[in-house]
Structure formats: C-alpha cells, structure tokens
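Chemist: When the letters of the sequence shown are read in order and numbered with mature numbering (1 follows the signal peptide of the UniProt record, and there is no 0), they come out as residues -20 to -1, 1 to 148.
Where is the CB? At the ideal position from N, CA and C, for every residue including glycine.
On a predicted model such as this, the values are computed, not experimentally measured, just so you know.
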Amino acid sequence: MLRGVLASIALLAVVMVAGCGSSDDEPPSWSLNGSTGRVTVTGAKNDTSAPQVSVTTPFAVTETQVHTLSGGDGQTVGQGANVTVNYVGVDGRTGLQFDSSYTHGQPAQFSLAQVVPGFSKAIAGQRVGSTVAVAIAPADGYPDGNPSAGINAGDTLVFAIVIVSADG
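(1) Taking the beta strand (DSSP E) that residue 155 falls in, what are its first and last residues?
(2) Can you check which of these residues, P87, T136 and S145, is closest to R107 by C-alpha distance?
(3) Below 6 Å CB to CB, which residues in the same chain sit around P118 once its five sequence neighbours on both sides are set aside?
(4) To the nearest angstrom, report how far apart G148 and S81 are at their CA atoms.
(5) Name the one or two DSSP bridge partners that G69 has.
(6) Whole angstroms are fine: how far does the CA of G14 sit from the CA of P38?
(7) Which two residues bound the contiguous alpha helix (DSSP H) that contains P97?
(8) Alpha carbon to alpha carbon, how far is P31 from A140? Give it in angstroms, no decimals.
(9) In angstroms, rounded to a whole number, what distance separates the CA positions of N26 and P7?
(10) Enumerate, from N- to C-terminal direction, the unbroken alpha helix (DSSP H) stretches of 4 or more residues contained entirely within the region 31 to 60.
(11) Do V112 and I103 have their CB atoms nearer than 8 Å?
(12) Please check the pair A115 and F78, which I expect to be a contact at CB under 8 Å, by giving their CB distance rounded to whole angstroms.
(13) Consult DSSP for D147 and reduce its assignment to one of helix, strand or coil.
(14) Grab the span of the beta strand (DSSP E) containing Q106 for me, first residue to last.
Following this line, the structure appears as structure tokens:
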C-alpha cells in the first residue's frame, strides 16, 4: 500500500514538473524601456525566419544597449573582423524597418571597421552563431542622420543580428 502511494506521488510530481516547464519552442526575447518608448526584440522562430522588432514609438536611448538573445558556440568575433550576418534594422522614431538582409535574400558581409560604432559594439566579442539585439544611441549610429535610409538626426536605431560567420 505504502509503495502504491509513493509511486502515485512520484508520478504526480513528474506530471507537475513536465506541465510547468518552460517551452523551448519559444524564441528568446528582450525588452527595453528607453528614455521614451519601448522596444521588444524576439529571436527568429527557425533558421529561415527573421527576428522580430516591435517598437512603441518614439523609442530613444541615450546610451547604446546590447543584449545577447542566444549565445553561439563558434569563434569569438574580433574588433575588426570581417563578418557575415543576417539582420533587421528598425528606426526607433518611426518603428519602421529601414533595412534587412532577409529582405535582400542573403546575409550581408562587411568589416566591422566599415559600420556605425553601435553595430560594431553589438557584434565584437560575441560568438559566431549568436543572436544579438542592440539599441543604438544616435552618437553610435548616424548622429547627423542618413536621409537615403529615412533616418533623421538623433534617431535611435534597433537591430536584431544573427552572426553567421566571422574571419578575425
């Protein structure tokens, strides 16, 4: 009898733990309140979908903020590395996407020395395979704006970045 009660308790504990576990199917996310507005960046649901960036506008930060959504297991990316990344870029003022490698249909390749400082800060020191979110303060982005991309002076930029590979 005691053995049956103990077995029932053990089975109940297993069922409760299984029912309370976190869902590994949910992609990681990060939310940040800015000096105005809020942003939430959610990792991709699979290898072919893009991460999601949701903005309560106008969103602004005074200092660049970097958050690793999921760590990779590849090499560490050096300061001046040449990288291949997938990314989604959103303007915090408007909440509109201004660029995306997913829209272009292929990852982007460039040297970290060729991008705005905030983008480089987000990637250098991370491991290949990581998914990173960054809210870039105007001083680390385009302080004078980038009219061809619809970015005004003083706009905060938000990126979700997947580091595909790095050389250096």
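Modeler: Put simply:
(1) With the chain running from -20 to 148 in the structure shown, residue 155 is simply not present.
(2) S145
(3) G134
(4) 22 Å
(5) D79 and F139
(6) 9 Å
(7) P97 to I103
(8) 6 Å
(9) 9 Å
(10) none
(11) yes
(12) No, A115 and F78 are not in contact; Cβ-Cβ is about 15 Å, not under 8 Å.
(13) strand
(14) No beta strand (DSSP E) contains Q106, which DSSP labels as neither H nor E.
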